[in-house]
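Enquirer:
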Amino acid sequence: DHAIQIGRKYRHSVYMVTLAGESFAPGGSITGGAFKNNDNLLGRKREIEELTVSSAALRKEADRLHTEIETLREERNSWRTKLAAEHEARQKMLLRLNTVELTRKQAEEQLQDSRINLRSLQNELQEIERQIQDVNSQNSGVARTLAESEDLEASVSNRADELRAKETELRTARENQAAALQKLRVEAAAAGEQKVFREETKIRLERELASLETEKRMLAASISSGGDDILAKQKQIEEVQKTIDSGEEEASALEKEREELMTKKRALSESHREFFEKRDELSDRMGRLDREHFRLTSQKEKFETGREERAAYMWEEYDMTPGDVRAYVLPEKSEDRAALRKELARIKDTIRKLGHVNVNAIEEYKVVAERHTFLTAQHDDLIKSEETLAGIIANLDEGMRRQFKEKFAEIQVEFDKAFKELFGGGHGSIELDPDADLLEAGIAIIAHPPGKKLQNMMQLSGGEKALTAIALLFAIQNLKPSPFCLLDEIEAALDENNVDRFAQYLHKLTKNTQFIIITHRRGTMTTADRLYGITMQEKGVSTLVSVNLIEDELTK
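Numbering-wise (the numbering used here), the sequence shown opens with residue 112 and increments by one.
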C-alpha cells in the first residue's frame, strides 16, 4: 500500500521493490512477490510467525534507521546551509575583490585619460591663446582701420559740410541766375515781341511806301495838276523814310542785345551743368564712403562677437578668462604652431570618431562585469561538471563493458545447459559480433538440436525456434532469478514431449521465482500448483473456477 501511494505521488516514475517481493516498474505495472514452495502448511505457518516477528523487529530497526536518517538529513541540511553561506560569502568576497581590482584599473585608466586630456587641454589652450593673439592683432588692425575710417569719416563729413555749404551757395547763385535768366527771357520775349511789332510796322510801312510809290506815280502823272501837293507828299515820304531808318537801327540794336543775352544764358547753363556733375561726383564719393564705413562697422561687430564667443567658450569649457589664458601663451614659432594645429586636428578627429559619451558606462560596466563574473563561474562549474560527468560516463561505460562481458559469458554457459535439458541433448550457444562495439554488437544465436545438422535458424521448425527462445529466457532467469514472472502461452508451438520437458524444467525454477502461466496445454497444467479458469455456464455470466492441486495432494 505504501509503495502504491509513493508511486502515485511520483507519477509512477521510480522503480521500487517491497519487503514482500512486489516489484513496481516505472509506468505502474506491479509484478512478483517472493513465494517459497514449502511442502506442508505447518512449516508455512511457522514461517509466517517467524516472518511476523522478524518483520516487527525489522520495522523497529527501520523506525530507528528512519530517525537516524532524519537526524543525519537535518545535519546534512545544516551543513549544506553553512556551506551555501560560506560559498555565498566567498562569492561576495570574490566579487568585491573583482570590483576593487576593476575600480583600480578604471582609476588607472582614468588617470591616464586625465593626463592625456591635460596634455590635449594644454595644447588646446596654447592654440586658443594663439588664436586670441591673432584676434587681438586683428582687433588692433581693425582698431587702426576704424580710427583711420573715423578720421576719414570726419574729414569726409567736414568736406561734405563744406560741399553742402558750397552747394547752398551755388544753389543760391543758381536761383539768382535762374531769376536773372527768367528776367532775360522775359526781356528777350519782350524784345522779340517788339521786333515782331517793328517787322510788322516795317511791312506796314513798306506797304504804305508801295502805296505811296503808287500815289507818287499817280502824283507824277498829275504833277501838272498840283505842284503844292507834290511837295507835301515828298515831305511825307522823307519823314516815313526817316521813321523806317530809325526803326531798322533800333531793331539791329535789339538783335545785338538778344544775342548777348543768349550768350550769357549758354554760359550760365554750362556752369550749372558742371555744378550738377560735381554734385553727383561728390554724392557718389559720399555713398562709397558710407558703404566702406558700414563694412568696417560690420567687421568690427563681427570681431567683437567672435571675441565674446571665444571668451564664453573658454569660460564654459575651461573655466578661464582671456586674462587667465594669457599665462599659457606659447612663444611665436610658426613650426610649433603648425605641428600643434595638426596634433589638435588629429585629437579632435579621434574624439569625434569615439562617438557620443555614455555617462552610464561605469554603472553598465559594473553590472556587465558582475554578470560576466557570475556567468564565468557558472561556465567553469559547467566545464568541471562536464568533465566529472564525462569521467563518470567513462567509468560507467567501462564497468558496463566489464559487467556485460562477464554476464554474457555466464549466460552462454546457462544457455547451453538449458538448451540441452529442454531439447534432451544437442548444444546451443550465443556469440557477439567481433567487429562491432561490445555494447552495440549484434548477438548471434547458434542452436544445434540433437540428431540434426548445424544449419541456419530460419530452417528450424516453429517449435524448435520457440524452444530455443525459451532456453535463452530460462538461461537469463537462472543467472539472476526474478521474484515474479508471467508467461503467456510461450509453449503453444511445442509438441507434447517438448511441453512435458518444458513443464518439468519450469517446475525446477519455482524454488526462486513465482510463475503465473497462461496456457491451454495439458502438460503444463498438470505441473501447476493452482489452476484458475473462466467459464460461462450461463450466457453473459462469467464464473471463476479454481483448483488447488497442492491441497488436494495434502488431503490425499
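For glycine and all other residues, C-beta sits at the position ideal for the given N, C-alpha and C.
On the criterion of 16 or more Cβ atoms from any shown chain inside 10 Å, does R119 qualify as buried, or is it exposed?
Expert: R119 should be labelled exposed.
Enquirer: Expressed to the nearest angstrom, what Euclidean distance is found between the alpha-carbon atoms of I629 and G562?
Expert: C-alpha separation (whole angstroms): 31 Å.
Enquirer: Taking the beta carbon of P545 as the centre, do at least 16 other beta carbons fall within 10 Å, making it buried, or is it exposed?
Expert: So P545 counts as exposed.
Enquirer: Helix, strand or coil for R641, going by three-state DSSP, please let me know.
Expert: Reduced to three states, the DSSP call for R641 is strand.
Enquirer: Check S593 in the structure and name its three-state DSSP category.
Expert: If DSSP states are grouped into helix, strand and coil, S593 belongs with coil.
Enquirer: Helix, strand or coil for H618, going by three-state DSSP, please let me know.
Expert: In this structure, H618 counts as helix in the three-state DSSP scheme.
Enquirer: Return the CA-CA distance between S134 and N209, expressed in angstroms with no decimal places.
Expert: Each residue's alpha carbon lies about 55 Å from the other.
Enquirer: What is the DSSP secondary structure of E664, counted as helix, strand or coil?
Expert: With a pLDDT of 49 at E664, under the threshold of 50, the predicted position of this residue should be treated as unreliable, and no value is reported.
Enquirer: If you follow the beta strand (DSSP E) that S124 is part of, which residue opens it and which one closes it?
Expert: First-last for S124: undefined, no H or E at that position.
Enquirer: Please go through the same chain and pick out, in chain order, the residues whose beta-carbon is closer than 8 Å to the beta-carbon of T654, but skip the five residues on each side of it.
Expert: I645, T646, M647 and Q648, listed in sequence order.
Enquirer: Name the two residues that bound the continuous beta strand (DSSP E) containing I556.
Expert: From DSSP, the beta strand (DSSP E) with I556 extends over I554 to H559.
Enquirer: For G434, write down the residues that DSSP places opposite it in a beta bridge.
Expert: For G434, which the question treats as bridged, DSSP gives no partner whatsoever.
Enquirer: Measure the C-alpha to C-alpha separation of G634 and P594 and round it to an integer number of angstroms.
Expert: Taking the straight line joining both Cα atoms gives about 24 Å.
Enquirer: Please classify A378: is it buried, with 16 or more other beta-carbons within 10 angstroms of its beta-carbon, or exposed?
Expert: Its Cβ having fewer than 16 others within 10 Å, A378 is exposed.
Enquirer: Determine the direct distance from the alpha carbon of V128 to that of L660, and round the result to whole angstroms.
Expert: Using only the alpha carbons, I get a separation of about 29 Å.
Enquirer: How would you label I522, buried or exposed, when you count the other beta carbons within 10 angstroms and need 16 or more for buried?
Expert: So I522 counts as buried.
Enquirer: Just mark N149 as buried or exposed, buried being the case when its beta carbon has 16 or more other beta carbons within 10 Å.
Expert: At N149 the pLDDT is 47, less than 50, meaning the model places this residue with poor confidence and gives no usable figure here.
Enquirer: Let me know the secondary structure DSSP gives G143 once reduced to three states.
Expert: G143 falls in the strand class under three-state DSSP.
Enquirer: Could you tell me the distance, in whole angstroms, from the CA atom of H618 to the CA atom of T638?
Expert: Cα to Cα, H618 sits roughly 7 Å from T638.
Enquirer: Could you check what DSSP says for D401 in three-state terms: helix, strand or coil?
Expert: D401 falls in the helix class under three-state DSSP.
Enquirer: From the DSSP output, in three-state form, read off L584 for me.
Expert: Helix.
Enquirer: Report yes if the C-beta distance between A555 and E542 is below 8 Å; otherwise report no.
Expert: Cβ atoms of A555 and E542: closer than 8 Å.
Enquirer: Find the nearest neighbour of R122 within the set P137, K376 and H113, judged by alpha-carbon distance.
Expert: Of the candidates P137, K376 and H113, the one whose C-alpha sits nearest the C-alpha of R122 is P137.
Enquirer: Give the range of the alpha helix (DSSP H) segment to which S496 is assigned.
Expert: Where S496 is concerned, the enclosing alpha helix (DSSP H) stretches over A472 to F534.
Enquirer: Is the segment 531-541 close to the segment 603-616, with three or more CB pairs under 8 Å?
Expert: Yes, they touch.
Enquirer: Is L550 closer than 8 Å to R513 when the C-beta atoms are compared?
Expert: No. Outside cutoff.
Enquirer: Work out the CA separation of A423 and Q410 for me, nearest whole Å.
Expert: Near 20 Å, if we compare the C-alpha coordinates of A423 and Q410.
Enquirer: Exposed or buried, which one is G651 when buried takes at least 16 other CB atoms within 10 Å?
Expert: Classification of G651: exposed, given that the 10 Å Cβ count is below 16.
Enquirer: Hey, quick one: how far does the beta strand (DSSP E) through H538 stretch, first residue to last?
Expert: Residues H538 to L543.
Enquirer: Which residues bound the beta strand (DSSP E) around S572?
Expert: That residue, S572, is in no beta strand (DSSP E); it is neither H nor E in DSSP.
Enquirer: Taking Cβ positions, are F526 and A586 nearer each other than 8 Å?
Expert: Closer than 8 Å, so yes.
Enquirer: Contact defined as beta carbons within less than 8 Å: I believe A480 pairs with L205. What is the distance between those atoms, to the nearest angstrom?
Expert: Not really, about 12 Å apart at Cβ, beyond 8 Å.
Enquirer: Mark L578 as exposed unless 16 or more other C-beta atoms lie within 10 angstroms of its C-beta, in which case mark it buried.
Expert: Classification of L578: buried, given that the 10 Å Cβ count is 16 or more.
Enquirer: DSSP state of L222, grouped into three classes?
Expert: It is helical.
Enquirer: If I557 and S572 are in contact, beta carbons under 8 Å, what's the gap, nearest whole angstrom?
Expert: With 8 Å as the limit, I557 and S572 do not qualify as a contact, their Cβ atoms being about 17 Å apart.
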